[in-house]
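Residue numbers (my numbering): 180 to 611.
Each residue gets a CB set at the ideal place from its N, CA and C atoms; glycine is no exception.
Because the structure is a prediction, the values reported are computed rather than measured.
Structure first, then comments.
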Amino acid sequence: LNHRHRPESEESCPVCGDRVSGYHYGLLTCESCKGFFKRSVQNNKHYTCTEQQSCPMNRTQRKRCPYCRFQKCLAVGMKTEAVRADRMRGGRNRFGPLYRRDRQIKLQRADYQTNLSLNAAMSSSAFQQCHMYNTGMPHSGLPLTGHPQEKCHMSFDYHTASTSHAMHRTVSETYTTRSTQASSSNANIVDCDPDHASPLGPFSSFLTPNFLDALIESEQDESQLCAKVLSSLQREQANRGKHDCLNTFSIMCKMADQTLFGLVEWARNSALFKELKVEDQMVLLQNCWSELLVLDHLYRQVTYGKEGLLFLTQAQIEVSTIISQAGVTLSGLVSRTQDLVAKLKALYFDRKEFVCLKYLVLFNPVVPLEDVLMVEQTQERVNRALMEHTRQTHAGHADKFGQLLLRLPEVRSISLQVEEYLYQQMLHTKHN
DNA sequence: TCCTCAGGGCCAATC
DNA sequence: GATTGGCCCTGAGGA
């Protein structure tokens, strides 16, 4: 058999969904995207998108927009530095160990999947089984006895990445290669794109008086985010077949999974965040990923949720249903979160305030950083912007600024409980 | 020493 | 003429 048709080729390409032919430039992709990525980097291509820079990417439409295709290649983790500048053929590159680890992870995941299928068949509680699997840690193949805060440097995998460990993996792996490649082809391509060029650099828009407006403008479109999460769920369901439907908890976990990727992308695309060194970016993200996730969930509930219902993309799930199905810890978490949602609703929590809180959580100077000053200054600027915004838009509610800041410790507390819960599940599943 | 597999190149097909 | 994508060649590293 040709090596391009190994068992792993059963997987679909994270860029276009076509059949995977092997590891190419950092992860499993199809032959077509491999070639496209290679040509783009070798020829230093800079494409432009005639639409909204969010063109659909699948086997039939991948040729329509090279800009979106290349962006997707980068987003899923293809590494420009794996394209050889000297064009030397054959041999191995320095990603060999990464590919080996990734294979091990996939093997372990397959083992877990098999075990869980057997367990599920013997258990009366399908919910419990599915919920343990979908919290995702066991199949990540990471050390199970380490401290929760232990930093893991595992391979980047757009499809398998889940929850906390995967977050560390995502942050670590995505950044490791960039940090060592100061003159990466990726940077060249983006920087020389006339559509992205700015005489003052990427930070220029934040030198304007409308600091908060600049922050909001750089935010991802909410409907596109929802569409991404939804299409991911649909893909997942399509892969499972009609007799193996995702349950409520599975859906929640999958959504959290996708949301995490969205949040990492949000941070990485932020002009303020890009000003930091890669090492600092990693430290900040690893420090606050769960808070960002909780905050994102809260905002969604405040904006779209209804009384007694949990908003999940396009479906409303009764909170009481989740609490009745979940264990003590999880139902407690859901209740605490819903309490906080009620408080934020009472404050008329809006999108600009949500964005400010996200930046305040991200730019947290508590953790050890090289450029603490920049992080502190950003936090102060966002603080001032939030204060100014609440003063202008809620003149009758003098203390709104203070009330919003008081919610952050609660977010932190819930996020720590979420992490703790996930690690418990991880250990529980391992022992079983 | 042989085998593996992820690089690059080639070229017919397609745009 | 440019781009795509499937197939083949190459060669470092592991067994």
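Candidates V561, K456, Q460 and E470: closest to L439 by CA position = When only C-alpha atoms are compared, the closest one is E470.
Segment limits, alpha helix (DSSP H) that includes T557 = V551 to T572
Express the C-alpha separation of R263 and R273 in angstroms, rounding to a whole number.
-> 11 Å
Close beta carbons around R241, own chain, < 6 Å, minus the five adjacent residues each side = Only C195 and R248 meet the Cβ criterion.
For L455, which of N223, S219 and D550 has the nearest alpha-carbon?
-> D550
Considering only residues of the same chain and omitting the five flanking positions on each side of H589, which have a CB-CB separation below 6 Å?
-> For the record, residue 589 in the displayed sequence is Glu; it is not His. Contacts found: L519.
DSSP state of Y202 mapped onto helix, strand, coil | If DSSP states are grouped into helix, strand and coil, Y202 belongs with the strands.
What residues in its chain sit with their C-beta under 6 Å from that of C228, if we drop five residues either side in the sequence?
-> C244, Y246 and C247
Limits of the alpha helix (DSSP H) - the one that A264 falls within = Where A264 is concerned, there is no enclosing alpha helix (DSSP H), because DSSP gives it neither an H nor an E.
Provide the residue span of the alpha helix (DSSP H) that contains T482, from first to last.
-> V457 to Y483
When you compare only the Cα positions, how much space is there between T239 and A435?
-> 29 Å
H182 classed as buried or exposed, judged by whether at least 16 other C-beta atoms fall within 10 angstroms = Bear in mind that a pLDDT of 38 at H182, under 50, signals an unreliable position, so the model cannot answer this.
Whose CA, out of L541, L585 and L523, lies closest to the CA of S449?
-> L541
Write down the C-beta distance between F200 and E210 rounded to the nearest angstrom, noting that I regard them as a contact closer than 8 Å.
-> Contrary to the premise, residue 200 reads as Ser rather than Phe in this sequence. 4 Å between Cβ atoms; contact.
Same chain only: Cβ atoms within 7 Å of F390, ignoring 5 sequence neighbours per side = Cβ within range, chain order: R560 and A564.
Check T616 in the structure and name its three-state DSSP category.
-> Outside the displayed span of the chain (180 to 611) sits residue 616, for which this structure offers no information.
Would you mind working out which of C212, D529 and K224 sits nearest M236, comparing C-alpha positions?
-> C212
I593 and R479: beta carbons closer than 8 Å?
-> No, they are not a contact pair.
With a 10 Å radius around its C-beta and 16 neighbouring C-beta atoms as the bar for buried, classify S219 as buried or exposed.
-> buried
Would you kindly check if the distance between the Cβ of Y204 and the Cβ of K258 is under 8 Å?
-> One thing to note: K258 has its Cβ within 8 Å of the Cβ of Y204.
Do F580 and T569 have their C-beta atoms closer together than 8 Å?
-> For F580 and T569, yes; Cβs fall inside 8 Å.
Considering only residues of the same chain and omitting the five flanking positions on each side of L206, which have a CB-CB separation below 6 Å?
-> G256
Within this structure, are the beta carbons of R586 and L523 separated by less than 8 Å?
-> yes
Compute the distance between the beta-carbons of Q558 and L539, then report whether it is under 8 Å.
-> yes
In angstroms with no decimal places, state the Cα-to-Cα distance between L509 and L477.
-> Rounded to whole angstroms, L509 to L477 spans 16 Å at the Cα level.
Rounded separation between L463 and R280 - CA only = 25 Å
Look up M316 in the DSSP assignment and say whether it is helix, strand or coil.
-> With a pLDDT of 28 at M316, under the threshold of 50, the predicted position of this residue should be treated as unreliable, though the coordinate-derived value follows. Of the three classes helix, strand and coil, the one that applies to M316 here is coil, per DSSP.
How would you write the range of the alpha helix (DSSP H) that D692 sits in, first residue to last?
-> The chain is shown only over 180 to 611; residue 692 falls outside these bounds and no answer can be derived.
Taking DSSP as the reference, what is the three-state secondary structure of S233?
-> coil
By Cβ distance below 7 Å, which residues in the same chain neighbour T387 in space, the five residues on each side in sequence not counted?
-> Confidence in T387 is poor, its pLDDT being 47 and thus under 50, which makes the residue's placement unreliable; the coordinate value appears in the next sentence. The residues are A393.
Can the beta-carbon of D475 be found less than 8 Å from the beta-carbon of L548?
-> At the C-beta level, D475 and L548 stay beyond 8 Å of one another.
Determine the DSSP secondary structure at S191, reduced to helix, strand or coil.
-> Correct three-state label for S191: strand.
M434 in three-state terms, based on DSSP = Here M434 sits in helix by DSSP.
Name the residue from K433, L583 and K537 whose alpha carbon lies nearest to the alpha carbon of I395.
-> K537
Specify the secondary structure class of Y278 as computed by DSSP and reduced to three states.
-> The answer is helix: DSSP assigns Y278 an H, G or I state.
Among Y483, Q232 and K217, which has the Cα closest to the Cα of D265?
-> K217
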